[in-house]
Amino acid sequence: MSKVLIVGGGAAGMFASIIAARNQHEVHVFEKNEKLGKKVYITGKGRCNVTNAGSMEELFSSVTTNEKFMYSAFHQFNNFDMMEFFEEIGVTLKTERGNRVFPASDRANTIIQGLENEMRKQHVQIHLHQEVSSLLYDEDMAQISGIKLADGRKISGDAVVIGTGGLSYPTTGSTGDGYTFAKQRDMEVTKLYPSLVPMNTKEDYIPLLQGLSLKNVTLSIYDGDKKLYEEFGEMMFTHFGITGPLVLTASSYVGPVVKEKQVKGFIDLKPAVTEEQLDQRILKIFDENKNKQFKNVTGGLMPAKLEPVVLSLSGIHPDKKVNEISKEERQQFIMCMKAFPLTITGLRDFKEAIITKGGVSVKEIIPKTMESKKVPGLYFIGEVLDVDAVTGGFNLQIAWSTAYAAASHIY
Ligand SMILES: Cc1cc2nc3c(=O)[nH]c(=O)nc-3n(C[C@H](O)[C@H](O)[C@H](O)COP(=O)(O)OP(=O)(O)OC[C@H]3O[C@@H](n4cnc5c(N)ncnc54)[C@H](O)[C@@H]3O)c2cc1C
Numbered sequence: 004m005s006k007v008l009i010v011g012g013g014a015a016g017m018f019a020s021i022i023a024a025r026n027q028h029e030v031h032v033f034e035k036n037e038k039l040g041k042k043v044y045i046t047g048k049g050r051c052n053v054t055n056a057g058s059m060e061e062l063f064s065s066v067t068t069n070e071k072f073m074y075s076a077f078h079q080f081n082n083f084d085m086m087e088f089f090e091e092i093g094v095t096l097k098t099e100r101g102n103r104v105f106p107a108s109d110r111a112n113t114i115i116q117g118l119e120n121e122m123r124k125q126h127v128q129i130h131l132h133q134e135v136s137s138l139l140y141d142e143d144m145a146q147i148s149g150i151k152l153a154d155g156r157k158i159s160g161d162a163v164v165i166g167t168g169g170l171s172y173p174t175t176g177s178t179g180d181g182y183t184f185a186k187q188r189d190m191e192v193t194k195l196y197p198s199l200v201p202m203n204t205k206e207d208y209i210p211l212l213q214g215l216s217l218k219n220v221t222l223s224i225y226d227g228d229k230k231l232y233e234e235f236g237e238m239m240f241t242h243f244g245i246t247g248p249l250v251l252t253a254s255s256y257v258g259p260v261v262k263e264k265q266v267k268g269f270i271d272l273k274p275a276v277t278e279e280q281l282d283q284r285i286l287k288i289f290d291e292n293k294n295k296q297f298k299n300v301t302g303g304l305m306p307a308k309l310e311p312v313v314l315s316l317s318g319i320h321p322d323k324k325v326n327e328i329s330k331e332e333r334q335q336f337i338m339c340m341k342a343f344p345l346t347i348t349g350l351r352d353f354k355e356a357i358i359t360k361g362g363v364s365v366k367e368i369i370p371k372t373m374e375s376k377k378v379p380g381l382y383f384i385g386e387v388l389d390v391d392a393v394t395g396g397f398n399l400q401i402a403w404s405t406a407y408a409a410a411s412h413i414y
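FYI, this note's numbering numbers position 371 of the sequence shown as 374, with every residue one higher than the one before it.
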């Protein structure tokens with residue numbers, strides 16, 4: 004039996020504490036907030052998309068950074084194991100569109116309460132309002148020996164598990180302390196980016212579209228001629244740029260490039276039809292409305308809020324009669340709908356990011372156990388690691404699986 008000190012009572016820390024305690028260890032969780040799971044509370048818009056009921060293949064393909072590193076952890080404990088765990092501790096789950104799994108109550112608090120009850124049942128000692136300020140090592144720095152709290156107290160332990168999260172939504176307590184602990188022991192921390200985050204755009208016409216939500220569109224993003232991302236789905240315009248599911252996912256792929264330079268984005272407002280088919284449709288509308296002005300015939304083609312912007316981008320005077328519009332002008336109009344242009348100038352910051360891309364380098368960590376290669380007895384779990392995934396419950400599954408791997412390999 005070891006004395007296990009877990010730093011951070013978030014998703015990964017809470018779950019690791021249960022598994023370690025079930026394995027007969029004496030477990031202590033140190034959480035700097037006044038309560039456990041503050042970030043979990045806001046996940047899934049307060050409903051907590053706790054995991055995803057997709058196949059193992061989907062689980063792996065959801066991981067955008069260091070998929071291979073997750074091989075062992077996902078095989079030891081996968082999404083279905085987590086669903087079984089929740090049912091076993093009395094938390095009923097339900098599966099929605101896209102295999103997204105939520106508590107049946109639709110309340111993230113059910114997940115936190117379920118975990119906390121099980122922690123107490125397993126006699127995990129929970130220390131709230133306890134900020135860990137540094138890690139303690141034996142004399143030659145080879146072995147972990149405990150933790151130091153912000154109030155100066157030193158707590159000895161046989162194993163220390165870092166579950167301090169990333170840098171996103173810092174008000175929930177994740178302020179990057181785990182990265183500092185790693186760096187202090189000369190462990191590599193990769194570059195950190197906000198990810199699953201809205202994007203800023205340059206054009207003056209974007210703020211005019213604020214609040215407009217587009218469904219069934221394709222968003223593509225290019226760095227010069229190189230396509231960085233293309234996906235079909237839903238997005239929204241805001242006062243600063245763009246957001247919504249497509250944009251958040253895109254940020255995960257284009258983030259590192261966007262951080263360095265502006266990139267071009269294009270929205271295909273009519274992905275179900277080719278340019279030729281759209282032209283035929285427009286010709287038919289023009290034919291039925293020969294003497295009408297351009298601005299009075301485009302209503303059925305796009306949301307009302309978008310119309311003045313697309314018309315203006317097309318360069319066709321809105322008062323022009325449709326029978327005076329040339330083929331070239333029509334083509335220009337079609338391009339504005341098939342490739343509505345925008346320039347992405349950057350990502351919003353960590354305060355608005357769902358996750359942090361980057362973290363403690365996986366080169367420093369044994370994938371089967373989450374133990375540091377340099378320091379026996381020191382483990383890293385959850386978002387603090389350089390592993391992240393797209394939305395859909397996958398980031399929490401990374402937390403659950405890495406927590407399980409660490410907690411079941413502590414001796
Ligand atoms: C708005 C939002 C919505 C999200 N929705 C989803 C979703 O629906 N599904 C999904 O899969 N993922 C979602 N995520 C991502 C998910 O919340 C994270 O991936 C997950 O919480 C990471 O777990 P963690 O335990 O590594 O870190 P966290 O949950 O952030 O926990 C870290 C904990 O460590 C504590 N801590 C930090 N430093 C110290 C210290 N020095 N001493 C003591 N304690 C410390 C913090 O206070 C915190 O409680 C969402 C994220 C956000 C921001």
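Beta carbons: idealized from backbone N, C-alpha and C, even for Gly.
Asked                                                                                                                                                                                  : Found
Could you have a look at Q128 and say whether DSSP puts it in helix, strand or coil?                                                                                                   : strand
Identify whether P274 lies in helix, strand or coil by the three-state DSSP scheme.                                                                                                    : coil
Which residue from I22, E60, T98 puts its Cα closest to that of T54?                                                                                                                   : T98
Is the beta carbon of L170 less than 9 Å from the beta carbon of A392?                                                                                                                 : no
Sort out for me which residues DSSP pairs T359 with in a bridge.                                                                                                                       : P197
Closer than 8 Å: is that where the CB of T46 sits relative to any heavy atom of ligand 1?                                                                                              : yes
As an exercise, report each continuous alpha helix (DSSP H) stretch of at least 4 residues that is fully enclosed by the stretch 169-252, in chain order.                              : 180-187, 208-211
Do L399 and ligand 1 come close, with the Cβ less than 8 Å from some heavy atom?                                                                                                       : yes
Quick check on Y232: buried or exposed, where buried means 16 or more other Cβ atoms within 10 Å of its Cβ?                                                                            : buried
Any idea if T301 is buried or exposed, counting beta-carbon neighbours within 10 angstroms, 16 or more meaning buried?                                                                 : buried
Within its chain, find whatever has a CB closer than 6 Å to the CB of N102; leave out the 5 residues flanking it on each side and keep chain order.                                    : N55, A56, G57
Taking the straight line between their C-alpha atoms, what separation do you get for D352 and P197?                                                                                    : 6 Å
What's the C-alpha gap between G268 and Y225?                                                                                                                                          : 6 Å
Among K41, N52, T67, H320, whose alpha-carbon lies nearest the alpha-carbon of K360?                                                                                                   : T67
Less than 9 Å between the C-beta atoms of F235 and T221, yes or no?                                                                                                                    : yes
Just the Cα atoms here: how many angstroms apart are K341 and S64?                                                                                                                     : 29 Å
Assign G396 to one of two classes, buried (16 or more other C-beta atoms within 10 Å of its C-beta) or exposed (fewer than that).                                                      : buried
I'd like to confirm the pairing. Which residues does DSSP put opposite V10 in its beta bridges?                                                                                        : F33, I165
Please find out if some non-hydrogen atom of ligand 1 comes closer than 8 Å to the beta-carbon of N82.                                                                                 : no
Is there contact here, the stretch 109-118 with the stretch 126-135, by at least three beta-carbon pairs under 8 Å?                                                                    : no
Along the chain, where does the alpha helix (DSSP H) containing L62 start, and where does it finish?                                                                                   : 59-64
For Q400, count the other beta carbons within 10 Å of its own beta carbon; 16 or more makes it buried, fewer makes it exposed. Which is it?                                            : buried
Can you confirm whether the stretch 323-335 touches the stretch 274-289 when touching is taken to mean that 3 or more C-beta pairs between the two stretches lie within less than 8 Å? : yes
Would A406 pass as a contact of G385 if the rule is Cβ separation under 9 Å?                                                                                                           : yes
Just checking I357 against ligand 1 - is the residue's beta carbon closer than 8 Å to any of the ligand's heavy atoms?                                                                 : yes
Taking only heavy atoms of ligand 1 into account, decide whether any of them is closer than 8 Å to the Cβ of A185.                                                                     : no
Does the Cβ-Cβ distance between M373 and A76 come in under 9 Å?                                                                                                                        : yes
For S75, which of helix, strand or coil comes out of DSSP?                                                                                                                             : helix
Under DSSP, the alpha helix (DSSP H) around T95 begins and ends at which residues?                                                                                                     : Taken as a continuous stretch (DSSP letters only), T95 belongs to no alpha helix (DSSP H), as it is neither H nor E.
State the Cα-Cα distance for the pair M73 and L314, rounded to the nearest angstrom.                                                                                                   : 48 Å
In terms of alpha-carbon separation, which member of S255, M238, S254 lies closest to G247?                                                                                            : M238
Taking 8 Å as the cut-off, does the CB of I384 come closer than this to any heavy atom belonging to ligand 1?                                                                          : yes
Hey, out of L195, Q296, C339, whose CA is closest to V325's CA?                                                                                                                        : Q296
Distance, Cα to Cα, T178 vs V387?                                                                                                                                                      : 10 Å
Report the option in Q125, L350, Y208 whose CA atom is closest to the CA atom of N26.                                                                                                  : Q125
Within this structure, are the beta carbons of I347 and T204 separated by less than 9 Å?                                                                                               : yes
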